[in-house]
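All remarks here apply to the structure that follows.
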Amino acid sequence: MKISLLLLLLILCCSPSLFAKPKKYEMPRTEVISLEDKATGGQYELYIKLPEVYLSETKAMVASQSKNSSSDGNNSSDEGRPPTRYPVIYTTDAVWHFDLLSGTTEFLMPDVILVGISWQKNMPEDIDYGHRKAFASRFKDYSFVAHQNPDIQAKYQFGQASKHLSFIQNEVIRYVESHYRAAPDARAYLGYSMGAEFGAYMLVEAPTTFNYYLLGSPSLDESSLKFLNKLSADKSTKSEKANTSVFVSIGELEKSSMAFTNDFVALLKRGKKLGLSTSGLNIIENADHGTAVPETFSSSITWFRQQLAEQ
Numbered sequence: 632m633k634i635s636l637l638l639l640l641l642i643l644c645c646s647p648s649l650f651a652k653p654k655k656y657e658m659p660r661t662e663v664i665s666l667e668d669k670a671t672g673g674q675y676e677l678y679i680k681l682p683e684v685y686l687s688e689t690k691a692m693v694a695s696q697s698k699n700s701s702s703d704g705n706n707s708s709d710e711g712r713p714p715t716r717y718p719v720i721y722t723t724d725a726v727w728h729f730d731l732l733s734g735t736t737e738f739l740m741p742d743v744i745l746v747g748i749s750w751q752k753n754m755p756e757d758i759d760y761g762h763r764k765a766f767a768s769r770f771k772d773y774s775f776v777a778h779q780n781p782d783i784q785a786k787y788q789f790g791q792a793s794k795h796l797s798f799i800q801n802e803v804i805r806y807v808e809s810h811y812r813a814a815p816d817a818r819a820y821l822g823y824s825m826g827a828e829f830g831a832y833m834l835v836e837a838p839t840t841f842n843y844y845l846l847g848s849p850s851l852d853e854s855s856l857k858f859l860n861k862l863s864a865d866k867s868t869k870s871e872k873a874n875t876s877v878f879v880s881i882g883e884l885e886k887s888s889m890a891f892t893n894d895f896v897a898l899l900k901r902g903k904k905l906g907l908s909t910s911g912l913n914i915i916e917n918a919d920h921g922t923a924v925p926e927t928f929s930s931s932i933t934w935f936r937q938q939l940a941e942q
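Position in the sequence shown counted from 1, then plus 631, gives you our numbering.
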């Protein structure tokens, strides 16, 4: 009995990890920035991941500046050469998307800045959103048509995409491009499902917000397409010409959404005179709305990389 007790004590003493408090995982080279939508008071977070080469170049720049300041005035060979600016991929639904986006780009496009935009953190406390509480803001932020059910509309406030667009233009992009070496002509938006619905709205309302749109399985229906077609017709005579490229995909098994997505791609093709270009609809074989996600990310990022290479 005494021997067993001594063995147990020895095992416990040699295994401090049994009592160590678990440590939260933090993604390398990633910062979390709190940002307020000044127009609405909404509180959001940005997840910003920098490529390894970005940080290496920053260290080299600091070292070079330090060396020059302590030298007798001789300039380094790199002086006068502007620092590298990097393409940026912005994505909504950051909690769901950022891990996958990070892993995919590490293999396919490592020299890119990633920006994940969170859901609103300070949603009203007096409304019971149930299991949707964490992501309740996506229903108002990513949609541009009010819900037909008045009770649902009162609760989730659908149709406020214009406000979220202004937030991204005036707060998010401005912050990123003033604090990081981001290339303003290589700015991409990746959205899936309702995030792609929001991307469809941005494409028609303000296509120059991004240079590239990567849209997977957009949540479109008859009313939202009617809205987009009318908006496109209104914009066709008023908007300045954009230079915007669009990738659109959908799972082969998403039968109920296929016609709406084809109609959306047709709308994009009609927008050539506005400067919109698309290669058409990319069908992901044997995939439904859930299983299409990984290939949507890999295919769209590969497409984005090719677009930049062809510039």
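Glycine is no exception: its CB is placed at the ideal position from the N, C-alpha and C atoms.
For residue i, name the three-state secondary structure that DSSP assigns.
i, result
"residue 876", "strand"
"residue 695", "helix"
"residue 913", "strand"
"residue 674", "strand"
"residue 867", "coil"
"residue 839", "helix"
"residue 925", "helix"
"residue 681", "coil"
"residue 721", "strand"
"residue 715", "coil"
"residue 816", "strand"
Let's test the definition: count the other Cβ atoms within 10 Å of the Cβ of residue i and tell me whether it reaches 16, buried, or not, exposed.
i, result
"residue 887", "exposed"
"residue 771", "buried"
"residue 738", "exposed"
"residue 682", "buried"
"residue 656", "exposed"
"residue 724", "buried"
"residue 922", "exposed"
"residue 940", "exposed"
"residue 867", "exposed"
Can you name, in chain order, every residue of its own chain whose Cβ lies under 6 Å from the Cβ of residue i, other than the five neighbours on each side?
i, result
"residue 684", "742"
"residue 849", "827, 828 and 831"
"residue 847", "823, 827, 880 and 927"
Enumerate in chain order the residues of its own chain whose CB-to-CB distance from residue i is below 8 Å, with the five nearest sequence positions on each side excluded.
i, result
"residue 777", "784, 789 and 790"
"residue 889", "881"
"residue 731", "924, 925 and 928"
Under 9 Å between the Cβ atoms of residue i and residue j?
i, j, result
"residue 802", "residue 666", "yes"
"residue 920", "residue 768", "no"
"residue 808", "residue 880", "no"
"residue 821", "residue 717", "no"
"residue 905", "residue 873", "yes"
"residue 862", "residue 896", "no"
"residue 891", "residue 851", "yes"
"residue 804", "residue 840", "yes"
Beta-carbon within less than 7 Å of residue i's beta-carbon, same chain only, minus the 5 sequence neighbours each way: which residues are those?
i, result
"residue 668", "675, 798 and 802"
"residue 662", "679"
"residue 765", "750"
"residue 752", "674, 675 and 676"
Closer than 9 Å, CB to CB, is residue i near chain C or not?
i, result
"residue 756", "The structure shown contains no chain C; it is built from a single protein chain."
> Which whole runs of the alpha helix (DSSP H) in the region 761-789 are 4 residues long or more, in chain order?
Replying inline: 768-772 and 781-787
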